[in-house]
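Top to bottom, those sequences are chains C and W. Numbering-wise (this note's numbering), the first sequence opens with residue 270 and increments by one. Numbering-wise (this note's numbering), the second sequence opens with residue 38 and increments by one. To start, the structure itself, in structure tokens.
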Amino acid sequence: MVGLSGSTLLGKFKKDNVNNRKQIKYREQKLALLIVWTIITLIITIVILFPFFADRQTVLKNAPTCISKSQFNVECSLCGMTRAFIEISNGSFSNAIDLNRGSIVIFFTFALNFFIFIFYLIFKLRSTKIIDDT
Amino acid sequence: MKTASLIFGILAIVGMIVGFFPCLGSLNWINIPFATIGLIISIVAMTQAKEGEPKGNAIAGLVLCGVAMLFGLIRLIAGGGVL
């Protein structure tokens, strides 16, 4: 407090006040986005973890058949994605690329989203003191 | 209620975008009823809001659900209800 002039203090107060108002104003929107992100991440996590825990036949039986392939016998850009995800879960990335070129990128984007979400949650919980640092 | 309508709106828009991918148009059969539920929630949130209370989130939810329904329907018709 010592050493700050009146105008500087007033400016600082105004700036803090504006920031607080902005935080309050967008709190509901941030909460909505966080809930949406959580739902999407949960769905994505189930999608990428399912081939790791279920056997190949179960995954292929539960995955829907592509309409483009079944009706017109033409492969679409997403064809082979389920089989590619199974290959990734088995560790054979070259087979996954052969089945669908975009599978590796999509798989690691999903995985990256999951880790960012986990780190965000840990950071958020620590900043709200729910997780004790000691 | 207002936040719920916004959540429904954002999820409906995300569903609509995914439904625009080739061969995933049938997702709109799920997304349009979902957006309709969001629309109803938004209308209820708007009507329940008291005088002077901000309705921004409810309006945003209403608009997002409406857009998702409209474009989802167009996509569904364009894909013949299947593709």
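Even glycine gets a Cβ: it sits at the ideal position worked out from N, Cα and C.
When 8 angstroms is used as the limit between beta carbons, proline 59 of chain W is near these residues of chain C: Ser337, Cys345, Ser346 and Leu347, in chain order. Using a Cβ-Cβ cut-off of 7 angstroms, glutamate 297 of chain C counts as an interface residue toward chain W, since at least one Cβ of chain W sits closer than that to its own.
Shown here for valine 343 of chain C: same chain residues with a beta carbon closer than 6 angstroms to its own, the five before and five after excluded, namely Ser337 in chain order. At a C-beta separation below 8 angstroms, valine 305 of chain C has these neighbours in chain W: Ile44, Ile47, Leu48 and Val51. Rounded to whole angstroms, the gap between the alpha carbons of glutamine 340 of chain C and leucine 329 of chain C is 18 angstroms. Scanning chain W for C-beta atoms nearer than 7 angstroms to the C-beta of leucine 300 of chain C yields Thr40, reported in chain order. Taking a cut-off of 8 angstroms on C-beta distances, the segment 368-381 of chain C touches the segment 345-357 of chain C, as three or more cross pairs fall below it.
The alpha carbon of serine 346 of chain C has as its nearest neighbour, out of W:Phe45, W:Ala97, W:Cys60 and W:Ile47, the alpha carbon of W:Cys60. Taking the Cα positions, leucine 107 of chain W is about 42 angstroms away from arginine 395 of chain C.
At least one CB of chain C lies nearer than 7 angstroms to the CB of asparagine 94 of chain W.
Across the structure, arginine 112 of chain W and isoleucine 385 of chain C are spaced so that their CA atoms are roughly 32 angstroms apart. As the crow flies, the alpha-carbon of alanine 115 of chain W is around 23 angstroms from that of isoleucine 47 of chain W. Comparing C-alpha distances from lysine 299 of chain C to each of W:Leu64, W:Asn94, W:Val104 and W:Leu110 shows the shortest one belongs to W:Asn94. Contact check for leucine 99 of chain W and alanine 49 of chain W: beta-carbon distance about 11 angstroms, past the 8 angstroms limit, so the pair fails to qualify.
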